[in-house]
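Chemist:
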DNA sequence: TAACGATTTAAACTGTTGTTTGAAATGAAT
DNA sequence: ATTCATTTCAAACAACAGTTTAAATCGTTA
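Protein chains in written order, with our numbering: chain S, 167 to 389; chain L, 167 to 389.
1. Hey, could you find the ends of the alpha helix (DSSP H) residue 177/S is sitting in?
2. Under 9 Å Cβ-Cβ, which residues of chain S neighbour residue 325/L?
3. Go ahead and pull the three-state DSSP assignment for residue 314/S.
4. Distance, Cα to Cα, residue 211/S vs residue 184/S?
5. For residue 313/L, count the other beta carbons within 10 Å of its own beta carbon; 16 or more makes it buried, fewer makes it exposed. Which is it?
6. Does the beta-carbon of residue 351/S have 16 or more other beta-carbons within 10 angstroms, so that it is buried, or is it exposed?
7. Taking a contact to mean a Cβ-Cβ separation below 8 Å, would you say residue 275/L touches residue 228/L in this structure?
8. Just to check, is the beta-carbon of residue 213/L closer than 7 Å to a non-hydrogen atom of the ligand GTP?
9. Hey, residue 197/S and residue 181/S are a contact pair by Cβ (cut 8 Å); roughly how many whole angstroms apart?
10. For residue 280/L, which three-state DSSP category applies?
11. Once the 5 residues before and after residue 290/L are set aside, which same chain residues still bring their CB inside 8 Å of it?
12. Quick check on the DSSP output: the alpha helix (DSSP H) that includes residue 285/L runs from which residue to which?
13. Taking only beta-carbon atoms, is residue 281/L less than 8 Å away from chain S?
14. At the level of alpha carbons, what is the spacing between residue 359/S and residue 365/S?
15. Do residue 303/L and residue 319/L have their CB atoms nearer than 8 Å?
16. Could you tell me the alpha carbon to alpha carbon distance between residue 373/S and residue 311/S, rounded to whole angstroms?
17. Buried or exposed, going by whether 16 or more other CB atoms sit within 10 Å of the CB of residue 333/S?
18. Taking 8 Å as the threshold (C-beta atoms), are residue 190/L and residue 390/L in contact?
19. Taking the C-alpha atoms as reference points, what is the distance between residue 280/L and residue 341/S?
20. Looking at chain S, is there any beta carbon in it that lies within less than 8 Å of the beta carbon of residue 320/L?
21. Which same chain residues, not among the five before or five after residue 194/L, have their C-beta less than 6 Å away from its C-beta?
22. Mind pulling the chain L residues with CB within less than 7 Å of residue 307/S?
23. Can you check whether the C-beta of residue 284/L is within less than 8 Å of a C-beta belonging to chain S?
24. Measure from the alpha carbon of residue 343/L to the alpha carbon of each residue in 202/S, 215/S and 317/S, then state which is nearest.
25. At the 8 Å Cβ level, is residue 187/L part of the contact set with chain S, yes or no?
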């Protein structure tokens, strides 16, 4: 089924490919071991043979996500102004999630995890999601001139994350509420730019008018 | 289990109460009829006796949501300026979803539906969610001076919805990424105000500076 | 070729799900 | 008190999940 790999590769890798696809589509509980093995061209017992159980296979898929994040974090330019970095990150994320050729399956898996966490999450959360989260807080904090732990910084970060995730999480109902929306590459880029514009409009109120800070940051400490 | 109702009420109503709670907690597939019947103090066969099957019971819970939305829509003040209405709606929604006393269970059910739609959704979507969605588009459209069908209007609406939903959908992981965040009534109001401020900052760029429209609305038709 | 470890296979096992059954209990009308 | 429809109950049902088993197969090495 995975076109990028040959039949000569190991069953273990084929299982991981199929599992990644299945978990991205249906989440941990929704995906079945039988479906995974079928798509991998392997026997039902293969997942037990190579990974012990379903949760271990799932954890391994999550670890791929970790590795993918690492290289991506290393690629980002740390010298560019934070507004540019922010826009680039938003665009990269959305492109990855909606790319028709090679969709960002690990990230879609993480989206399911976001709504319905599994025990496997605890193992990889701290070494994958938190660094990304912290770095994102630094970028936003640099724009608004507040520390990463400030409540306003965190609220802004979650406002941006919420906008982006929404297009993946709510895709099924979005398709019914807004059927004309087709996720072409151009459309995805427009959405990404919109999220960046929408967010920067608020973030820039901190920089341009220090005297008139937005009300939710005027006299507040972090919780 | 439901403290608000007496033991004298019908089994059917107790089932609906328990089902609402269970579906709000675990979604349609995650909730089990055994758990529902146990919490309702009824026999396993009760759901079949009163509703036929699980999906019918679920549909009935969704219908409650519809009725609740109707009265809420009737309550909102149509004469107030759209910015005020927008802020009020955001606050009302978040308060309802995180109210400790009587949480907005039907809305939390709908949140699960948002990520994992069921066949029951089609029946009630058009007569429940779409009117709310359309009305929300009108409010945002009134602020930015664009029709409800304009792409920018829709993108803004989804930016706001995405922010709000995020705090419900991503609650589990949010608790790990931001453990200090406790959803007290005051905190929920602060979040609601932040979402309103964050969003209005962008929406007001349309009103204040017609000559310098944001780039994503300058020369674009709806898709 | 023979032997042996690694892999694959078909089948069964255990547990849980939604659903159904038929008898027992209930309660109001005759 | 007797009837009769309504409601409740314990038990079993079929379907499906993840997991396990033991035999069959494969591939490499002696």
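Every residue gets a Cβ at the ideal spot worked out from N, C-alpha and C, and that includes glycine.
Here the structure is a predicted model, which means the values were calculated and not measured.
Modeler: The relevant details are as follows:
1. Where residue 177/S is concerned, the enclosing alpha helix (DSSP H) stretches over 177 to 196.
2. Residues of chain S passing the Cβ test: 325, 328, 329, 332, 360, 361, 364 and 365.
3. Shown here, residue 314/S sits in coil according to DSSP, grouped into three states, outside any helix or strand.
4. So the two alpha carbons sit approximately 15 Å from each other.
5. Classification of residue 313/L: exposed, given that the 10 Å Cβ count is below 16.
6. The residue in question, residue 351/S, is exposed, as its Cβ has fewer than 16 Cβ neighbours within 10 Å.
7. Taking C-beta atoms as the reference points, residue 275/L and residue 228/L count as a pair closer than 8 Å.
8. This structure lacks the ligand GTP, and indeed carries no ligand of any kind.
9. Contact flag wrong, Cβ pair sits at about 12 Å.
10. If DSSP states are grouped into helix, strand and coil, residue 280/L belongs with the helices.
11. Correct list, in chain order: 225, 228, 229, 231 and 232.
12. Taken as a continuous stretch (DSSP letters only), the alpha helix (DSSP H) holding residue 285/L covers 285 to 290.
13. Among the CB atoms of chain S, one or more fall inside 8 Å of the CB of residue 281/L.
14. In this structure, the CA atom of residue 359/S is about 10 Å from the CA atom of residue 365/S.
15. Residue 303/L is a Cβ neighbour of residue 319/L, given a cutoff of 8 Å.
16. Rounded to the nearest whole angstrom, the CA to CA distance from residue 373/S to residue 311/S is 7 Å.
17. Burial state of residue 333/S is buried, judged by a 10 Å Cβ sphere holding 16 or more other Cβ atoms.
18. There is no way to answer for residue 390/L, as the model of chain L reaches only from 167 to 389.
19. Taken atom to atom, the span from the alpha-carbon of residue 280/L to that of residue 341/S is near 11 Å.
20. Yes, its Cβ sits closer than 8 Å to a Cβ of chain S.
21. For residue 194/L, where only same-chain residues beyond five positions count, the Cβ hits under 6 Å are 224 and 284.
22. Ordered by position in chain L, no residue passes the 7 Å Cβ test against residue 307/S, which lies about 14 Å from the chain.
23. Not an interface residue.
24. Here the closest residue by C-alpha is 317/S.
25. No, residue 187/L does not count as interfacial toward chain S.
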